[in-house]
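Using our numbering, the first residue of the sequence shown is number -7, and each one after it goes up by one. We put the beta carbon where it would ideally sit given N, CA and C, even for glycine. From a predicted model like this one, the values you see are computed outputs, not experimental measurements. Below: one structure, written as structure tokens.
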Amino acid sequence: MNVFDAIQQRRAMKRFDPEFQLSQTDKKQLLNNVMQNAPSAFNLQHWRPVLIEDAELRQQVRKIAWDQPQVTEASLLIILCAKLDTWEKDASQVWTGVPEETQKVMVGAIDQYYRGRSQTQRDEVMRSAGIFAQTFMLLAKDQGLDSCPMDGFDFDAMGKLIQLPEDHVVCLMIAVGKGTSQPYPRIGKLPYDDLVKLNHF
């Protein structure tokens, strides 16, 4: 499947075949492909996907996600989290393999960009998580899978449920599997000229 087809065919699927199961190898390969190829600011790779595999935990997630069936029906359920302070803790590691002077410059630039800017730190991880999620869903579609990005849940309760570290945030949830329902029709799309501005508003 080419990229254009994947973009056109990817839809938010609300029901999945609970009998369909991806192998652990397939899940790992899918995630690894995204982690190796999705872009992130300064190559910081802020994302921290949490795979919810335990059936009882899935039920608990469903309770705090408005009882949405895709939580327990999907073969793969990811709580996509992000590490807020990767700019401080991981900068040197993600710039290994380049000349030492380049690494030094990049680590310094990263520190200057993020230090003391908590809103920038949070905004950046959310942007990276969004890029990760869309890359993930398009790759899943390319492999014949359906997906559903989700933010319909109690974020604080989710953090407690997965024992989220203090330096992380929950960004969104992604369900993946074989869809069994028809997606909602594409309606209400705003006109090009209402959305796209030339040079300024």
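Integer-rounded CB distance, given that residue j should sit under 8 Å from residue i
i      : j      : result
Ser139 : Ala121 : The Cβ separation is near 15 Å, so there is no contact.
Asp77  : Leu36  : In fact, because the Cβ distance is near 10 Å, the residues do not count as touching under 8 Å.
Met5   : Ser173 : 7 Å
Ala149 : Ile56  : 4 Å
Gly169 : Ser67  : 4 Å
Inter-residue spacing [alpha-carbon to alpha-carbon] between residue i and residue j
i       : j      : result
Met27   : Arg40  : 10 Å
Pro175  : Leu14  : 22 Å
Lys201  : Asn25  : Only positions -7 to 193 of the chain appear in this structure, which leaves residue 201 out of reach.
Met(-7) : Glu116 : 31 Å
Phe34   : Leu23  : 20 Å
Contacts around residue i, its chain only, beta-carbon distance under 7 Å, and the 5 residues preceding and following it disregarded
i      : result
Val63  : Arg50, Val53, Arg54, Ala57, Leu69 and Ala167
Ala125 : Leu72, Pro141, Leu164 and Ile166
His197 : Any answer about residue 197 is impossible in this case: the structure gives the chain only from -7 up to 193.
Cut-off 8 Å between Cβ atoms - residues of its own chain near residue i, not counting five sequence neighbours on either side
i       : result
Ile(-1) : Leu130
Thr195  : Since the first residue of the chain shown is -7 and the last is 193, residue 195 is not available in this structure.
Contacts around residue i, its chain only, beta-carbon distance under 6 Å, and the 5 residues preceding and following it disregarded
i      : result
Met165 : Ile71 and Met142
Phe145 : Ile56 and Ala57
Nearest to residue i (by Cα), restricted to the options the options
i      : options                          : result
Val162 : Gly100, Arg107, Arg178 and His38 : His38
Arg178 : Val(-5), Phe(-4) and Gln1        : Gln1
Ala47  : Gly100, Glu158, Asp186 and Pro10 : Pro10
Contiguous alpha helix (DSSP H) assignments of at least 4 residues, all confined to the segment -1 to 32: If only uninterrupted alpha helix (DSSP H) runs of at least 4 residues are considered, those enclosed by the segment -1 to 32 are 16 to 29.
Which runs of the beta strand (DSSP E) at least 3 residues long sit entirely within the segment 30 to 108? Give them in chain order. 39 to 43 and 68 to 75, all fully within the segment 30 to 108.
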